[in-house]
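Visitor: Here it is, the structure in full.
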Amino acid sequence: MGDQIQFIVEKLNQEPFRKNYNLISFDSLESLQLLQLLSDVLGEIDPKHAVDIREELPEQTAKRMLNLLGILKYKPPGGVSDLSSFRQGLVTGSKPVIHPVLHWLLQRTSELKKRAYLARFLVKLEVPAEFLQDDTVADFNKQYEELMEAFKNLHKEHEQLKISGLSTAEIRRDISAMEEEKDQLSKRVERLKKRVETVQNHQRMLEIARQLRLEKEREESLAQQKQEQKSQLFHAEQRLQRAQVQLKEMQHVVADSKPESLMKKLEEEINFNSYLVTEKIPREMESKKTSVYFLQKVAAEPAMTQADLSALESEINEVNAQMNQLIEKRMMKYEPTDSKFSMFRQQASIISRKKEAKAEELQAAKEEMSSLEKQMEQKRSQAHELEGSEVLTEDEFKQYVSKLRSKNTFYKKKRLEIAEITAEYGILQRTEELLRQRHEAIQQQLQAIEEKKGIAGYSYTQEELERVSAVKSEMDEVKGQTLDNMSEMVKKLNAMVAEKKASLAPVIKELRQLRQNCQELTQECDEKKIQYNSCAAGLETNRSALEQEVKALLEECAQEESNYRYINCMKRTLEIQLQRAKEEMKAYVSSDPQERHRAVREQYTRIILEQENLGKKLREKQKVVRESHGPNMKQMKMWQDFEQLMECKRECFLKQQNQAAIGQVIQEGGKDRLVL
């Protein structure tokens, strides 16, 4: 209970309450103040409940608080039989009832704020079954339930957006950027449409372009699926390789091990785990529990000053000193049998400590081994990512070395072949160079002969003519093929156009008939829409009139109910006053002196007489004080003068004593000098 009150006080001293309570002031609150405090906390959760309880009746306050606590799903302690006592305690402001409610509310304020906000829209208004027979009321109720479901969905989406971390500013920026991009794309599409409309058969070309785009998208999706499947296959191969390596390791371990060694390892592991479960972990848990208990006890105590800490330290030192004295006395009075037992106890304690230390070392070694295994697995995965293969074992490394040696011999053989080919290539280069030189010499001789004969440049011109004729023949062949292809394409396109015209003729006829039907249906739809709008406007006016009437009736009902409650409360107060008046008249008229003595009139008369007597005594006392005020002041002044006189005498006496002491010291010094 103390922790509960301390928690309540701490929460009330924080924002947004800032009550500045302490444990004593909070515990001394009256019932009305506790109810107002509870109303303030409920008002922080739901602003509609931020009211002054002095301005409403106690029944209204209790009803309002009970309704909100029911909406917040507060469960009072106890069973069904305690509900009436809970309501009564809430009305009277009982501390055992108010304190748990405050503790529960202050523990989960943010959650309860959300629940109270949702209750404004999700607490269903129950409509009687006889009212639901009316179609209008049933439609309104159905619309009300649909709106409630829509609010639930919107609230869930809102919470998901809050959790996702997307801010409204970012969303607005994205929307504006997307709108700008949309405008740019629409303008670009319009420009392209204008350019395409001048081209013949543009519809056909657009259809072909659309199909091409779809095929490209399909190709991209297939390529992406292929890439994903490749990555999945790669990861599956990695997992397979790791599993194969683990299988080889396990087979190697099983091959080297025997059943006896395995059983021995299992027994050691079982013994170690049983020691941890039965001895080590329970002892550690017990020590943790005791430390937590002491910490909670320290936290529950009030704040300690330095003086308290010093007192505790001195007390601890005294207790330690007493313990040391008792141990010394016990060691001085031990017997031989006790010494043997103490030796065995010491040995047992040493062994238990060694056992605990070894268990801790083993636990640390296991943790280190598990961490090293994790690091080894990470290194393997990193090596596989870098090199594309797993880390080799010893056998695999030997196989790799043998393969490498065979490849080395094959490499040397190929290297010799490359050297031979390189040498042959050098010989061929030299031969080519010689032939080129001979060709140049022959060309020079041919040019000299042509110049002598008067036909210089004949050979060069003949070579150029042969080259140009060869190029021309190639171009003619390409042109012929292109013309053939174009004629075939034109024939195909004409045939396709004729087929499409033949196939589209019945469709065009049906389309014309469908257009006529569409125009007729559009006219009929417009007429029905006008009728619907007029009917909806009439129903809307009727609904607004009914809503106003219902609102007026509800306000009148609420007013009448408040008048009824006010009149009922006034009636109760008048009945109580009338009952008190009757009892007063009965006691006043009664012949029994005790009954008359109990009457309120007699009591007030007696109190008045006592106050009058007290007033007379006080006036007499005041008169005596006034008469003796002057002499008393003179006497006080004389005492003050006397006190100053005595103080002056004391100071003179002290000065005289000091002077006499100084003279005595001087005389003793003179005597000492004379002696010397």
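Here this note's numbering is used: the sequence shown runs in plain steps of one and ends on residue 681. All C-beta atoms, glycine included, are put in the ideal place defined by N, C-alpha and C.
According to DSSP, simplified to helix, strand and coil, what is THR203?
Guide: Translated into positions along the sequence shown, residue 203 becomes position 198. Three-state result, THR203: coil.
Visitor: Return yes when the Cβ of THR66 is within less than 8 Å of the Cβ of ILE58, no when it is not.
Guide: Taking the first residue of the sequence shown as 1, we reach residue 58 at position 53. Taking the first residue of the sequence shown as 1, we reach residue 66 at position 61. Yes, the pair counts as a contact, with Cβ atoms nearer than the cut-off.
Visitor: Taking all protein chains shown into account, do 16 or more other C-beta atoms lie within 10 angstroms of the C-beta of ILE613, making it buried, or fewer, making it exposed?
Guide: Taking the sequence shown and counting its residues from 1, the one referred to as residue 613 is at position 608. Exposed is the call here.
Visitor: Quick check: the Cα distance between VAL56 and GLY48, rounded to an integer number of angstroms?
Guide: Residue 56 sits at position 51 when you count from the first residue of the sequence shown. Residue 48 sits at position 43 when you count from the first residue of the sequence shown. Each residue's Cα considered, the two are about 7 Å apart.
Visitor: Reducing DSSP to helix, strand and coil, say where LYS360 ends up.
Guide: Residue 360 sits at position 355 when you count from the first residue of the sequence shown. Note: LYS360 maps to helix in three-state DSSP.
Visitor: Could you tell me the alpha carbon to alpha carbon distance between GLU437 and ASN490, rounded to whole angstroms?
Guide: If you number the sequence shown from 1, residue 437 lands on position 432. If you number the sequence shown from 1, residue 490 lands on position 485. About 45 Å.
Visitor: Since I believe ILE50 is in contact with PHE31 (beta carbons under 8 Å), could you give me their beta-carbon distance rounded to a whole number of angstroms?
Guide: Taking the sequence shown and counting its residues from 1, one reaches residue 31 at position 26. Taking the sequence shown and counting its residues from 1, one reaches residue 50 at position 45. Actually they do not touch by this definition, with Cβ atoms about 20 Å apart.
Visitor: Need the endpoints of the alpha helix (DSSP H) that LYS621 sits in, please.
Guide: Walking along the sequence shown from the start, residue 621 turns up at place 616. That run of the alpha helix (DSSP H) goes 605 to 632.
Visitor: Measuring straight from C-alpha to C-alpha, what distance separates ALA304 and PHE12?
Guide: Within the sequence shown, residue 304 is the residue found at index 299, counting from 1. Within the sequence shown, residue 12 is the residue found at index 7, counting from 1. Their Cα atoms are separated by approximately 12 Å.
Visitor: If we ignore side chains and look at the alpha-carbon of each, how far apart do VAL750 and GLU615 end up?
Guide: Coverage of the chain is limited to positions 6 through 681, which leaves residue 750 absent and any answer about it impossible.
Visitor: For GLY98 versus LEU39, is the C-beta spacing smaller than 8 Å?
Guide: Taking the first residue of the sequence shown as 1, we reach residue 98 at position 93. Taking the first residue of the sequence shown as 1, we reach residue 39 at position 34. Yes, they are a contact pair.
Visitor: Measure how close the beta-carbons of CYS562 and LEU62 come, nearest whole angstrom, since I'm counting them as under 8 Å.
Guide: Taking the first residue of the sequence shown as 1, we reach residue 562 at position 557. Taking the first residue of the sequence shown as 1, we reach residue 62 at position 57. Not confirmed; about 18 Å, so no contact.
Visitor: The ligand GTP and LYS505: does any heavy atom of the ligand fall closer than 7 Å to the residue's C-beta?
Guide: With respect to the ligand GTP, the structure offers nothing, as it holds no ligand at all.
Visitor: By Cβ distance below 8 Å, which residues in the same chain neighbour LEU650 in space, the five residues on each side in sequence not counted?
Guide: Taking the sequence shown and counting its residues from 1, one reaches residue 650 at position 645. None.
Visitor: Taking the alpha carbon of GLU401 as the point to measure from, which residue in GLU471, LYS294, ASN329, GLN246 has its own alpha carbon closest?
Guide: As a working note, residue 401 is residue 396 in the sequence shown. The shortest C-alpha separation from GLU401 is found at GLN246.
Visitor: Please list, in chain order, all residues of the same chain as GLU589 whose beta carbon is under 8 Å from its beta carbon, the five residues on each side excluded.
Guide: The residue labelled residue 589 in the question sits at position 584 within the sequence shown. Same-chain partners within the cutoff: ALA604, VAL605, ARG606.
Visitor: Could you tell me the alpha carbon to alpha carbon distance between ASP188 and THR546, rounded to whole angstroms?
Guide: Taking the sequence shown and counting its residues from 1, one reaches residue 188 at position 183. Taking the sequence shown and counting its residues from 1, one reaches residue 546 at position 541. One C-alpha to the other measures close to 42 Å.
Visitor: Would you kindly report the start and end of the unbroken alpha helix (DSSP H) that includes ARG113?
Guide: Within the sequence shown, residue 113 is the residue found at index 108, counting from 1. ARG113 -> no alpha helix (DSSP H), and no H or E assigned at all.
Visitor: Just confirm the distance between the C-beta atoms of TYR79 and VAL106, as a whole number of angstroms; I'd bet it's less than 8 Å.
Guide: What you label residue 79 is simply residue 74 of the sequence shown in a count that begins at 1. What you label residue 106 is simply residue 101 of the sequence shown in a count that begins at 1. Yes, they are in contact, since the Cβ atoms of TYR79 and VAL106 sit about 7 Å apart, within 8 Å.
Visitor: What three-state label does DSSP hand LYS78 in the structure shown?
Guide: In the sequence shown, counting from the first residue as 1, residue 78 sits at position 73. The answer is coil: DSSP assigns LYS78 none of H, G, I, E or B.
Visitor: Thinking LEU367 and PHE239 are a contact (beta carbons under 8 Å), I'd like their distance in whole angstroms, please.
Guide: Position 362 of the sequence shown, counted from the first residue, corresponds to residue 367. Position 234 of the sequence shown, counted from the first residue, corresponds to residue 239. That belief does not hold up - the Cβ atoms of LEU367 and PHE239 are roughly 40 Å apart, past 8 Å.
Visitor: Determine the direct distance from the alpha carbon of ASP313 to that of LEU17, and round the result to whole angstroms.
Guide: Within the sequence shown, the letter at position 12 stands for residue 17. Within the sequence shown, the letter at position 308 stands for residue 313. C-alpha separation (whole angstroms): 29 Å.
Visitor: Please report the distance separating the alpha-carbon of ALA665 from that of GLU656.
Guide: Counting from 1 along the sequence shown, the entry for residue 665 is found at position 660. Counting from 1 along the sequence shown, the entry for residue 656 is found at position 651. The straight-line gap from Cα to Cα measures roughly 14 Å.
Visitor: Tell me the rounded alpha-carbon separation between ALA742 and SER236.
Guide: Here the chain has residues from 6 to 681 only, and residue 742 is not among them.
Visitor: Confirm, please, whether the CB-CB distance from LYS285 to ALA362 is below 8 Å.
Guide: Counted from its first residue, the sequence shown places residue 362 at position 357. Counted from its first residue, the sequence shown places residue 285 at position 280. No, these two residues do not count as a Cβ contact at 8 Å.
Visitor: Extract the residue ranges of the alpha helix (DSSP H) inside the segment 274 to 334, only unbroken runs of 4 or more that lie entirely within it.
Guide: 286 to 305, all fully within the segment 274 to 334.
Visitor: With a Cβ-Cβ cutoff of 8 Å, do MET153 and LEU137 count as a contact?
Guide: Within the sequence shown, the letter at position 148 stands for residue 153. Within the sequence shown, the letter at position 132 stands for residue 137. No; because the gap between Cβ atoms is not below 8 Å, this pair is not in contact.
Visitor: Would you mind reading off the limits of the alpha helix (DSSP H) that contains ILE29?
Guide: As a position in the sequence shown, residue 29 is number 24, starting the count at 1. Per DSSP, ILE29 belongs to the alpha helix (DSSP H) from 28 to 32.
Visitor: Just how far apart, CA to CA, sit GLU64 and VAL96?
Guide: Here residue 64 is taken as the residue at index 59 of the sequence shown, counted from 1. Here residue 96 is taken as the residue at index 91 of the sequence shown, counted from 1. C-alpha separation (whole angstroms): 7 Å.
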